[in-house]
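My numbering numbers the first residue of the sequence shown as 11 and each following residue consecutively. Idealized CB from N, CA, C, for every residue including glycine.
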Amino acid sequence: PPLAAMLNTFDFESVARETMEPQAWGYYSSGGDDEITLRDNHMAFQRITMRPRILVNVAEIDLRTSFLGTDSSLPLYFTATALAKLAHQDGEVAIVKAAKKAGVPYMLPTLSSYTLDEMLAARAPDQVCFSQLYVNPERSRTQEYVEKLEANGVRALFITVDAPQLGRREKDMRNKFTQQGSDVQGDDEDEGEVDRSQGATRAISSYIDPGLNWKDMPWFRSITKMPILLKGVQCGEDAVMAFEAGLQGAVLSNHGGRQLDTCRSGIEVLPEVMAALDEAGCKREDFSIFIDGGIRRGADIFKAVALGAKACGVGRPVLYSLASYGEKGIVRMVHMLMDELQMVMRLSGTPNVASITPEHVITRNLADH
Ligand code: FNR
11 PPLAAMLNTF
21 DFESVARETM
31 EPQAWGYYSS
41 GGDDEITLRD
51 NHMAFQRITM
61 RPRILVNVAE
71 IDLRTSFLGT
81 DSSLPLYFTA
91 TALAKLAHQD
101 GEVAIVKAAK
111 KAGVPYMLPT
121 LSSYTLDEML
131 AARAPDQVCF
141 SQLYVNPERS
151 RTQEYVEKLE
161 ANGVRALFIT
171 VDAPQLGRRE
181 KDMRNKFTQQ
191 GSDVQGDDED
201 EGEVDRSQGA
211 TRAISSYIDP
221 GLNWKDMPWF
231 RSITKMPILL
241 KGVQCGEDAV
251 MAFEAGLQGA
261 VLSNHGGRQL
271 DTCRSGIEVL
281 PEVMAALDEA
291 GCKREDFSIF
301 IDGGIRRGAD
311 IFKAVALGAK
321 ACGVGRPVLY
331 SLASYGEKGI
341 VRMVHMLMDE
351 LQMVMRLSGT
361 PNVASITPEH
371 VITRNLADH
């Protein structure tokens, strides 16, 4: 179908399911084990109801915001996802360009299909990117990578902490089995560090150090001036520990339901984390909280912001809109979310991002901690 026929992010997902290579679809769409968390990520947002205010002047709605010193068209960024070339030959380069056009930051993945240099070169002169870091068992490699990011003006470092071992993604595993068993020729796309002959998920595992722990944090602080955030925090205690370790923030994330199954969605963890940080005397400006996982509607972004998130990450919606429509598809996907968020803000009586508060949503149906 033509791009103009896409009405929401789910439409992109349906088209991607029909048109992507089965192996690529399996890798992108799969979650860990029984995929309970994967399914709940979006559903958790539906357990939060709206509490709109009336008779506020909503003639003008301003979606713009800023986080980690970076302006954005709305409280949204593209999160890191490995191997974008499985979706489209332009891969991460198209995502960098779409991020610029849509006016949102992109978190460059460590395990990209294009090289870091190629991704950096695709940026517009004034474009700000973040970076996602998988920590290598060989720390000198990680240090070199981090120094290169900083030298190239990358604005923030997100260390992924929820993947000391990669989750069991059975859809992905079955596809690999079929591929090897039937001796189908692999495509010969260049995938950088990742050896496809071992299967994407297994090859990625060997790259990540399961020994990474809190004692490593001072070392990270010593090798870079970039703000450091932890991606994959799941409870209040760990957010407070990150704050006390001198880090700058956390992403409440379950890796898109791909790691520990039956853990909570980011939105469900958010009230616990905000309460714990307040109790620890952490000021909102000193430690930034983000969430990702299951963000599919403008209303989801509204709810996350209401509960204290600075912005939300989208993963699969970027890959799915890229898969069928390239860079243009991604830009359109963001514009849909902008239109939706604008409407939700208008109907809630919140003309700008700063006016969205916890009183605009009801969370009593979220799991208590
Ligand atoms: C991911 N994610 C991820 N995270 C990370 O820190 N490093 C990585 O290399 C990847 N790779 C990756 C590949 C694919 C195909 C997916 C779907 C996800 C997790 C990602 O950053 C984010 O947490 C989720 O994608 C958010 O959920 P949604 O938006 O996909 O529902």
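- Taking every protein chain shown into account, the CB of K95 has 16 or more other CB atoms within 10 angstroms, so this residue is buried.
- The Cβ atoms of K158 and L126 lie closer than 8 Å to each other.
- In this structure the segment 244 to 260 touches the segment 295 to 305; the number of beta carbon pairs closer than 8 Å is three or more.
- Within the DSSP secondary-structure output, T19 pairs in no beta bridge.
- Out of C273, M284, D349, the CA that lies nearest to the CA of D310 is found in D349.
- Non-local beta-carbon contacts of V66 in its own chain, meaning distances under 7 Å to residues more than five positions away in sequence, involve G359, P361 in chain order.
- Straight-line measurement puts the Cα of E70 at about 45 Å from the Cα of R179.
- Looking at the backbone, the Cα of A26 and that of E337 are separated by about 14 Å.
- Of the heavy atoms belonging to the ligand FNR, at least one sits nearer than 7 Å to the Cβ of G266.
- Sequence-distant Cβ neighbours of I340 in its own chain, meaning closer than 6 Å and more than five residues away, are A108, V328, S331, L332.
- Inter-segment contact for the segment 272 to 288 and the segment 34 to 53 is present: three or more beta-carbon pairs are separated by less than 8 Å.
- In terms of Cα proximity to D248, the closest of A134, A14, V279 is V279.
- The DSSP assignment places complete alpha helix (DSSP H) segments of no fewer than 4 residues inside the segment 274 to 315 at 276 to 289, in order along the chain.
- The count of Cβ pairs closer than 8 Å, one atom from the segment 76 to 90 and one from the segment 318 to 325, reaches three, so the stretches are in contact.
- Looking at V243, R268, L351, H98, the one whose alpha-carbon comes closest to that of A316 is L351.
- Where G242 is concerned, the enclosing beta strand (DSSP E) starts and stops at 238 to 243.
- In the DSSP annotation of this structure, the continuous segment of the beta strand (DSSP E) that includes A321 starts and ends at 321 to 324.
- When secondary structure is reduced to three states using DSSP, Y124 falls in the coil class, being assigned neither helix nor strand.
- Here DSSP, grouped into helix, strand and coil, assigns L351 to helix.
- In the DSSP assignment, the residues bridged to D72 are N362.
- For the beta strand (DSSP E) assignment, the uninterrupted runs of no fewer than 3 residues enclosed by the segment 50 to 102 are, from N- to C-terminal side, 75 to 77, 80 to 82, 86 to 88.
- Residues of the same chain with a CB within less than 6 Å of the CB of P174, apart from the 5 flanking positions on each side, are P220 in chain order.
- For T170, the shortest separation between its Cβ and any heavy atom of the ligand FNR lies below 7 Å.
- In chain order, G303, G325 place their CB closer than 6 Å to the CB of G266, counting only its own chain and leaving out the 5 sequence neighbours on each side.
- For T170, the enclosing beta strand (DSSP E) covers residues 167 to 170.
- Annotation for M117: the continuous beta strand (DSSP E) segment containing it runs 116 to 118.
- If you ignore the 5 residues before and after V344, its C-beta comes within less than 6 Å of the C-beta of A112, all in its own chain and listed in chain order.
- DSSP lists F168 as the bridge partner or partners of Q142.
- Checking the 7 Å criterion, the Cβ of R326 is within range of a heavy atom belonging to the ligand FNR.
- The beta carbon of Q137 lies closer than 8 Å to those of V106, A109, K110 in the same chain, with the five residues before and after it left out.
- Within the chosen limit of 7 Å, the ligand FNR does not reach the beta carbon of G42 with any heavy atom.
- For L13, no alpha helix (DSSP H) run applies, since DSSP gives it neither H nor E.
- Rounded to the nearest angstrom, the Cβ distance from L130 to N162 is 5 Å, consistent with a contact under 8 Å.
- Judged by DSSP secondary structure, A34 falls outside any beta strand (DSSP E) and instead within the alpha helix (DSSP H) spanning 32 to 39.
- Shortest Cα-Cα distance from V145 to any of S216, D378, R268 involves S216.
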